[in-house]
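S.K.:
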RNA sequence: GGUACCUUGGCCGAGUGGUCAGGCAGCGGUCUGCAAAACCGCGUACGGCAGUUCGAAUCUGCCAGGUACCUCCA
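In our numbering, the protein residues as written are 269 to 759.
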């Protein structure tokens, strides 16, 4: 742990040195998906951002417990069916059991995350599996006098809380402003103040997902699950809480207040928020209807896409921007990322072709240091990737013979490239599927290229170019090398 | 309306008060039978206007444009 890891804390609005509360253990909580729809490009951002963090911290030697929840109850829909649980509504729509919908989209989420090489968290708790813990949480807040019951629902008393604490400290909100800008919602008259939020909500007759509680048959409030599950699995104090910037308010603000109300102190030391992915400069979101599903990205089926993009291209695209910047989607940017990543992988593979020298012109140690420095500076993956590309040039030069590296240096470089590329950035070459089919296929292409070699020896350029051009038309990139030839499938 | 943030070369995207981001695309060269790939070289970019400063794209103010949150949202 030579490098001081510095990360941006939303709470202080500044970069802080990371010091775990109980080193070497690190508690990390990230808001996971609401499983009522197919995962889209927006879901990939936090997943990959915090996957990078998880991998990096683990690599630094920390023992990380990573909790990422599945939200499968509670969140209210805000359209015609106001007040109905999202999951319940979807279930009625598709004539499925709510938990069937939950299971289906959870499976989909896992499948997409797996494709993106996002490591599974240590614990993935479901909100629906922690109703008892959430009810207990509500009870505690009621006992502390910071919540009140009204018509079978329980609301957090924001104004009272604000008398002794600062509601709005995370998001920079001022209570008076909220009073004027809070929108009128259903059930508003049950509340003392419009900005009070539900801890427990009484279920309407049409509401399918419902549980018994001391107050009513209903369901837990929208922000409660993270308070309850974070506390359960990471303790009353833990290190990092992450999520998308759009969750900062009200979700995380409320969560923070709930924890202070129930526990008497804040739970989270560092709050991290990733920025949004935009499309034509506008946030990509479910409610805006401009999102692209991950499966559509992978197969190119969305009308905005001119071609499919592999999971690794998506991952690389996201890592090429800093997590706190917005990232604008475009085909040009994706294609550029795809080509760049290709070059990176190619150099990584070509490491095997380097012949070591007695001297070294490549500064392996400096390279390592620069990469670690970039990560240590608030997870600056774009800078790290820039250093990786600098190394690509040197690797290619070494193959050309215009740069040199010692055997020891080469071994270390191979280790570092594996570490940075595969283990930390989580970029792995797309599976080529070594099968009998593929072997036969490769054999046939090689045979053609052998014939081309013979034609070349006879200076029969017509035949040699014919083979190359026809293969090219079929999607094979053929290139001549000192030893003979090389090829790859470019589609 | 309130609050916060953003505006970098053809595109994407880092960063800093005073030599370099990086990728993609483009141009020139080396190599090649020709290509491809690779390597070498090339772009004097930082929204506008003022101010602070020896010096600002980087700090301050104003203006313009954009975005986010304030409502479920990654």
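We treat Cβ as the ideally placed atom computed from N, Cα and C, and that holds for glycine.
If you're wondering where the values come from, they're calculated on a predicted model, not measured in any experiment.
#1: Going by DSSP, which residues form a beta bridge with residue 540?
#2: Quick test of the definition: if touching needs 3 or more C-beta pairs under 8 Å, does the segment 474-489 touch the segment 511-521?
#3: Among residues of its own chain, excluding the 5 on either side of residue 642, which ones have a beta-carbon nearer than 7 Å to its beta-carbon?
#4: Can you give me the C-alpha to C-alpha distance between residue 417 and residue 398, rounded to a whole angstrom?
#5: If you drop the 5 nearest sequence neighbours on each side, which residues of the same chain put their C-beta closer than 7 Å to that of residue 292?
#6: Is residue 406 near residue 426, with beta carbons less than 7 Å apart?
#7: Which parts of the segment 358-411 are runs of the alpha helix (DSSP H), unbroken and 4 residues or longer, counting only runs that do not cross its ends?
#8: Please classify residue 663: is it buried, with 16 or more other beta-carbons within 10 angstroms of its beta-carbon, or exposed?
#9: Could you pull out every residue in the same chain whose Cβ sits closer than 8 Å to the Cβ of residue 567, ignoring the five residues on either side in sequence?
#10: Cβ of residue 294 within 7 Å of Cβ of residue 507?
#11: One question on the structure: do residue 414 and residue 437 come within less than 7 Å of each other, judged by their Cβ atoms?
#12: Does the Cβ of residue 527 have 16 or more other Cβ atoms within 10 Å, making it buried, or fewer, making it exposed?
#13: Checking the sheet assignment: what are the DSSP bridge partners for residue 753?
#14: Could you compute how far the alpha carbon of residue 379 sits from the alpha carbon of residue 722?
#15: Put residue 740 into one of helix, strand or coil per three-state DSSP.
#16: Return the CA-CA distance between residue 281 and residue 581, expressed in angstroms with no decimal places.
#17: Using the C-alpha atoms, what's the distance from residue 686 back to residue 442?
#18: Report all residues from its chain with a CB closer than 8 Å to the CB of residue 593; omit the five preceding and five following residues, and keep chain order.
#19: Using 10 angstroms around the beta-carbon of residue 457, count the other beta-carbons present and answer buried if the total reaches 16, otherwise exposed.
#20: What alpha helix (DSSP H) runs, 4 residues minimum, are completely inside the segment 555-600?
#21: Assess, as a yes-or-no matter, whether the segment 353-369 is touched by the segment 665-682 under the definition of 3 or more beta carbon pairs within less than 8 Å.
#22: By Cβ distance, which residues of its chain are closer than 7 Å to residue 288, with the 5 residues on each side in sequence left out?
#23: Check for me: the beta strand (DSSP E) holding residue 680 runs from which residue to which?
#24: Which residue wins for smallest C-alpha separation from residue 435, given the options 525, 621, 385?
#25: Please confirm if the segment 701-720 is in contact with the segment 743-754, defined as three or more CB-CB distances below 8 Å between the two stretches.
#26: Between the C-alpha atoms of residue 324 and residue 692, what's the straight-line distance to the nearest angstrom?
#27: Which residue comes first and which comes last in the beta strand (DSSP E) that contains residue 814?
#28: Does the pairing of the segment 293-307 with the segment 498-507 give three or more beta-carbon distances under 8 Å?
#29: Is the number of C-beta pairs between the segment 529-549 and the segment 312-320 that are closer than 8 Å three or more?
#30: Taking Cβ to Cβ, would you say residue 385 is nearer than 7 Å to residue 696?
#31: Let me know the beta strand (DSSP E) ranges lying completely inside the segment 452-523, each 3 residues or longer, listed in chain order.
#32: Would residue 536 be called buried (16 or more neighbouring beta carbons within 10 Å of its own) or exposed?
#33: Compare the beta carbon distance of residue 605 and residue 585 with 7 Å and say whether it is the shorter of the two.
#34: Express the C-alpha separation of residue 591 and residue 659 in angstroms, rounding to a whole number.
#35: What are the boundary residues of the alpha helix (DSSP H) that residue 424 is part of?
#36: Check the C-beta distance from residue 597 over to residue 279 and give it rounded, since I have them as a contact under 8 Å.
M.R.: On the basis of the supplied data:
#1: Translated into the one-based positions of the first chain, residue 540 becomes position 272. Residue 540 is bridged to 510.
#2: Cβ pair count under 8 Å is below three, so no.
#3: Within the first chain, residue 642 is the residue found at index 374, counting from 1. Here the set comprises 648, 651, 652, 655.
#4: In the first chain, the residue the question calls residue 417 occupies position 149. In the first chain, the residue the question calls residue 398 occupies position 130. Looking at the two C-alpha atoms, the distance is approximately 21 Å.
#5: Working through the first chain from its first residue, we reach residue 292 at position 24. Excluding sequence neighbours, residue 292 sits near 329, 330, 331.
#6: As a first step, residue 406 is located in the first chain; it is residue number 138 there, counting from the start. As a first step, residue 426 is located in the first chain; it is residue number 158 there, counting from the start. Going by C-beta atoms, residue 406 is not nearer than 7 Å to residue 426.
#7: 366-383, 399-411
#8: Here residue 663 refers to the residue found at position 395 when the first chain is read from its first residue. Per the 10 Å Cβ criterion, buried.
#9: Counting from one through the first chain, the residue named residue 567 turns up at place 299. Cβ neighbours of residue 567 beyond the five flanking positions: 576.
#10: Position 26 of the first chain, counting from 1, holds the residue named residue 294. Position 239 of the first chain, counting from 1, holds the residue named residue 507. Result yes, Cβ atoms of residue 294 and residue 507 sit closer than 7 Å.
#11: Reading the first chain from its first residue, position 146 is the one you call residue 414. Reading the first chain from its first residue, position 169 is the one you call residue 437. No, the pair does not count as a contact, with Cβ atoms beyond the cut-off.
#12: Indexing the first chain from 1 puts residue 527 at position 259. The residue is buried, with at least 16 neighbouring Cβ atoms inside 10 Å.
#13: Walking along the first chain from the start, residue 753 turns up at place 485. Looking at the DSSP assignment, residue 753 forms a beta bridge with 748.
#14: The sequence position of residue 379 within the first chain is 111, counting from 1. The sequence position of residue 722 within the first chain is 454, counting from 1. Straight-line Cα distance between these residues: approximately 47 Å.
#15: Here residue 740 corresponds to residue number 472 of the first chain, with the count starting at 1. In the structure shown, residue 740 sits in a helix (DSSP, three-state: H, G or I).
#16: The residue labelled residue 281 in the question sits at position 13 within the first chain. The residue labelled residue 581 in the question sits at position 313 within the first chain. Approximately 31 Å between the Cα atoms of the pair.
#17: Counted from its first residue, the first chain places residue 442 at position 174. Counted from its first residue, the first chain places residue 686 at position 418. Whole-angstrom Cα-Cα distance: 48 Å.
#18: Here the question's residue 593 lines up with position 325 in the first chain. Excluding positions up to five away in sequence, the list reads 543.
#19: Within the first chain, residue 457 is the residue found at index 189, counting from 1. Its Cβ having fewer than 16 others within 10 Å, residue 457 is exposed.
#20: 562-567, 579-587
#21: No: the two stretches stay apart, fewer than three of their Cβ pairs being nearer than 8 Å.
#22: For the purposes of this step, residue 288 is taken as the residue at position 20 of the first chain. So the list reads 294, 330, 507, once near-sequence residues are dropped.
#23: Taking the first chain and counting its residues from 1, the one referred to as residue 680 is at position 412. From DSSP, residue 680 is part of no beta strand (DSSP E) but of the alpha helix (DSSP H) over 675-685.
#24: Within the first chain, numbered from 1, the residue matching residue 435 stands at position 167. Comparing Cα positions, the closest option is 525.
#25: Touching, yes.
#26: Along the first chain, read from residue 1 onward, the residue named residue 324 stands at position 56. Along the first chain, read from residue 1 onward, the residue named residue 692 stands at position 424. So the two alpha carbons sit approximately 6 Å from each other.
#27: Missing from the structure shown is residue 814; the chain here goes from 269 to 759 and no further.
#28: yes
#29: yes
#30: Within the first chain, residue 385 is the residue found at index 117, counting from 1. Within the first chain, residue 696 is the residue found at index 428, counting from 1. Yes.
#31: 466-470, 486-488, 506-512
#32: Indexing the first chain from 1 puts residue 536 at position 268. That one is buried.
#33: Here residue 605 is taken as the residue at index 337 of the first chain, counted from 1. Here residue 585 is taken as the residue at index 317 of the first chain, counted from 1. Yes; because the gap between Cβ atoms is below 7 Å, this pair is in contact.
#34: The sequence position of residue 659 within the first chain is 391, counting from 1. The sequence position of residue 591 within the first chain is 323, counting from 1. Each residue's Cα considered, the two are about 23 Å apart.
#35: The count along the first chain starts at 1 and reaches residue 424 at position 156. Residue 424 -> not in any alpha helix (DSSP H); beta strand (DSSP E) instead, spanning 421-424.
#36: Walking along the first chain from the start, residue 597 turns up at place 329. Walking along the first chain from the start, residue 279 turns up at place 11. No, residue 597 and residue 279 are not in contact; Cβ-Cβ is about 30 Å, not under 8 Å.
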